[in-house]
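A.B. asks:
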Amino acid sequence: MNKFLLSAVALAAMALSTAADAQQRTVRIASEGAFPPWNATDASGKIIGFEVDLANALCERMQVRCEIVAQAWDGIIPALQARRYDAIMAGMSITARRMEVINFSVPYGSSPARMAVQKQHRLANWATPGNVERVRMDALTPQMTTAFDELKKAISGLTIGVQTQTIQANFLEEHMRGVVRIRTYDTMENMVLDLNAGRVDAVFGSGANLKALADKGDNVAMFGPGFTGGTFGAGVGVGLRKDDADLKAMFDQAIGWANDTGVIRRLSMQWFGFDVSIN
Amino acid sequence: MDFALMWESLPKVLAGAGMTFQLTFAALALGFVLACLIASASLSKSKLISVPADTYVYLFRSTPLLVQIFLIYYGLGQFQDVRSSIFWPFLREPFACAVLALTLNTGAYTAEIIKGGIRSVPWGQVEAARACGMSGLLLYRRILFPIAFRQALPGYGNEIILMIKASSLASTITLLEITGIARVIIADTFRPVELFIVAGSIYLAINAVLSRGVRMLELHLSPQLKDTLDTEQQRQRTAVIAR
Chain A
0 MNKFLLSAVA LAAMALSTAA DAQQRTVRIA SEGAFPPWNA TDASGKIIGF EVDLANALCE
60 RMQVRCEIVA QAWDGIIPAL QARRYDAIMA GMSITARRME VINFSVPYGS SPARMAVQKQ
120 HRLANWATPG NVERVRMDAL TPQMTTAFDE LKKAISGLTI GVQTQTIQAN FLEEHMRGVV
180 RIRTYDTMEN MVLDLNAGRV DAVFGSGANL KALADKGDNV AMFGPGFTGG TFGAGVGVGL
240 RKDDADLKAM FDQAIGWAND TGVIRRLSMQ WFGFDVSIN
Chain B
0 MDFALMWESL PKVLAGAGMT FQLTFAALAL GFVLACLIAS ASLSKSKLIS VPADTYVYLF
60 RSTPLLVQIF LIYYGLGQFQ DVRSSIFWPF LREPFACAVL ALTLNTGAYT AEIIKGGIRS
120 VPWGQVEAAR ACGMSGLLLY RRILFPIAFR QALPGYGNEI ILMIKASSLA STITLLEITG
180 IARVIIADTF RPVELFIVAG SIYLAINAVL SRGVRMLELH LSPQLKDTLD TEQQRQRTAV
240 IAR
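For the record, the sequence lines run as chains A and B.
In terms of numbering that gives the first Met the number 0, the first sequence has 219 at position 220, counting the first letter as 1, and numbering is strictly consecutive.
In terms of numbering that gives the first Met the number 0, the second sequence has 138 at position 139, counting the first letter as 1, and numbering is strictly consecutive.
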């Protein structure tokens, strides 16, 4: 009798768990795999990085099954709209422009935009006037304005590489058109290849990303202040379809949890070597 | 479908046609000269001359153009020796790299087309020319090339169209031709379908005009084709009337 009861309980538990499995929603998350350390592709072709680890943590919290899919950057928003996946975690900053077509979760990280040159370039040791470290485009102080103007003078006439469809590209278009020659690249990697080949004098990109490339041994030296705010938006968030309100609520809640419990800070220290979390 | 956006971006994308033409025709012109040299080398009786020519054709016909463009543009730039050589001012420019890649590619295909044309010249005509005392360049200029060119024209027309389309790959190395500009606007609007329809239509229009031009040249060089065409139409017309 006892045995019978036990097996009945086991059976019921099995039935329950399979039912729960069946109910568990699969969330397909797209990433680029070419934007280290946010996301990168390892030798076996698997996508790894801060965002993959974070996505797994968030999905566990949301009690959904996560599936990471690779998607080239220049089609990443249209393919979300075409329902090829449900979310984007690809170092994508929340901006007003993107908010016109898709929705975002609350931000989970942020990294200021930086200029970089080859180490032997004259600008590699350029001293920012007033030692301004951060230029906040939405809260400019006179010192920040001076530093920004001096930077413009220093790079005037140079050819600057930037990845297409990025906040950095938008920023150059808005503030540097006519000051520098802008050349756009499909990936960060090709852009850095051309910096090292000397086809562009400098590049402009996410500071965390440039640091990762420098750490990896690429000939990249950052200079000048870091830029945030304004065109740069509110930080990096999960890109979602506008009609997916419940998924947004789930991500918002899970990101809040990851922030409060230090999960984001821990993963950030592991992948970036510094804290990109928003607090 | 956002028709307003398509209409709005048409002139912007169309502005890239200039770059598309520059790339295509620079490559076709240089590639044709190269192809003539390669074709004659390949037809040479000396293995020392024909084997390198055939190897070149084999290499460039058997690898994707995209790979060739990447290797020439990103690949060569990685070597310090290349960067400090006299070729660097030239190889530094994406336009020059794209023209180089397209030239080498079309050169290989065109060499095969020319070879086919030359081989199709009836041997009797060459013998007749020789009997008249023509030899060497005169034989080539008067007999071989005119006939070979006529034979090769349909194939070469095809190659022109392929090159117009192949030039779109130059957008992968930062050049703003038709596809490049379409991509920039997509970056701004997140509307790939609309923009690629616009870009595709422009290629369609260009190639419609070009293929018609080649067809006219064909009829001009081989008027007998026109005659057969006309009698065919005539016959159909009479057939309709007779019915």
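Using N, Cα and C, we set each Cβ at its ideal position, and we do this for glycine too.
As the structure is a prediction and not an experimental result, all values here were calculated from the model.
Could you tell me which uninterrupted beta strand (DSSP E) segments, each at least 3 residues in length, are contained entirely in the segment 136-222 of chain A, listed from first to last along the chain?
C.D. replies: Counting whole runs of 3 or more residues, the segment 136-222 of chain A contains the beta strand (DSSP E) stretches 158-162, 180-184, 201-205.
A.B. asks: Hey, how far is the Cα of B/Phe78 from the Cα of B/Val125?
C.D. replies: Rounded to whole angstroms, B/Phe78 to B/Val125 spans 50 Å at the Cα level.
A.B. asks: When you compare the segment 240-252 of chain A with the segment 224-231 of chain A, are there three or more beta-carbon pairs, one atom per stretch, that lie closer than 8 Å?
C.D. replies: Segments in contact, no.
A.B. asks: Looking at chain A, which residues of the segment 77-88 of chain B have a Cβ within less than 7 Å of any of its Cβ atoms?
C.D. replies: So the list reads Gln77, Arg82, given in the order they occur along the chain.
A.B. asks: Which residue marks the beginning of the beta strand (DSSP E) containing B/Thr62, and which one marks its end?
C.D. replies: Segment: none, B/Thr62 is in no beta strand (DSSP E) and carries neither H nor E.
A.B. asks: Taking the straight line between their C-alpha atoms, what separation do you get for A/Ala18 and B/Gly179?
C.D. replies: Here the model assigns A/Ala18 a pLDDT of 49, short of 50, so the residue's position is not dependable and the matter cannot be decided.
A.B. asks: Between B/Leu33 and the rest of its own chain, which residues show a CB-CB distance below 6 Å, the 5 nearest in sequence each way excluded?
C.D. replies: Only Gly106 meet the Cβ criterion.
A.B. asks: Does B/Ala95 have its Cβ less than 7 Å from a Cβ in chain A?
C.D. replies: With 7 Å as the cut-off, B/Ala95 does not count as an interface residue toward chain A.
A.B. asks: So what's A/Val105 in DSSP terms, helix, strand or just coil?
C.D. replies: Correct three-state label for A/Val105: coil.
A.B. asks: With DSSP as the reference, please indicate the residues paired to A/Gly238 in a beta bridge.
C.D. replies: In the DSSP output, where bridge partners are listed per residue, A/Gly238 has A/Ile87, A/Phe103.
A.B. asks: Taking A/Ala146 as the reference, give the member of A/Ile159, A/Glu132, A/Val235 with the closest Cα.
C.D. replies: The option with the nearest alpha carbon to A/Ala146 is A/Glu132.
A.B. asks: Using the Cβ count rule (16 or more neighbours within 10 Å means buried), how would you classify A/Val161?
C.D. replies: When all chains shown are included, A/Val161 counts as buried.
A.B. asks: Terminal residues of the continuous alpha helix (DSSP H) containing B/Asn206?
C.D. replies: Per DSSP, B/Asn206 belongs to the alpha helix (DSSP H) from 191-220.
A.B. asks: Answer with buried or exposed for A/Arg82, where buried requires no fewer than 16 other C-beta atoms within 10 angstroms of its C-beta.
C.D. replies: With fewer than 16 Cβ atoms within 10 Å of its Cβ, A/Arg82 is classed as exposed.
A.B. asks: If you check the beta carbons only, do A/Leu157 and A/Asp200 fall under 7 Å apart?
C.D. replies: Taking 7 Å as the Cβ cut-off, A/Leu157 and A/Asp200 qualify as a contacting pair.
A.B. asks: Looking at the C-beta of A/Val262, does it have a partner C-beta in chain B at a distance below 7 Å?
C.D. replies: Output row for A/Val262: interface = no.
A.B. asks: Scan the segment 189-202 of chain B for residues whose Cβ lies nearer than 7 Å to a Cβ of chain A and list them as they occur along the chain.
C.D. replies: Answer in chain order: Phe189, Pro191.
A.B. asks: According to DSSP, what are the bridge partners of A/Val51?
C.D. replies: DSSP lists no partner for A/Val51.
A.B. asks: To the nearest angstrom, report how far apart B/Thr19 and B/Asp80 are at their CA atoms.
C.D. replies: Going by the C-alpha atoms only, they are around 31 Å apart.
A.B. asks: Helix, strand or coil, according to DSSP, for A/Cys58 in the structure here?
C.D. replies: The answer is helix: DSSP assigns A/Cys58 an H, G or I state.
A.B. asks: Please list the terminal residues of the continuous alpha helix (DSSP H) segment that includes B/Asn104.
C.D. replies: 93-118 is the span of the alpha helix (DSSP H), which, as asked, contains B/Asn104.
A.B. asks: Check the Cβ of B/Thr171 against every Cβ in chain D and list those closer than 8 Å, keeping chain order.
C.D. replies: In the displayed structure, chain D is absent; the protein chains listed are A and B.
A.B. asks: Do you know how far the Cα of A/Gly204 is from the Cα of A/Met88?
C.D. replies: Rounded to whole angstroms, A/Met88 to A/Gly204 spans 18 Å at the Cα level.
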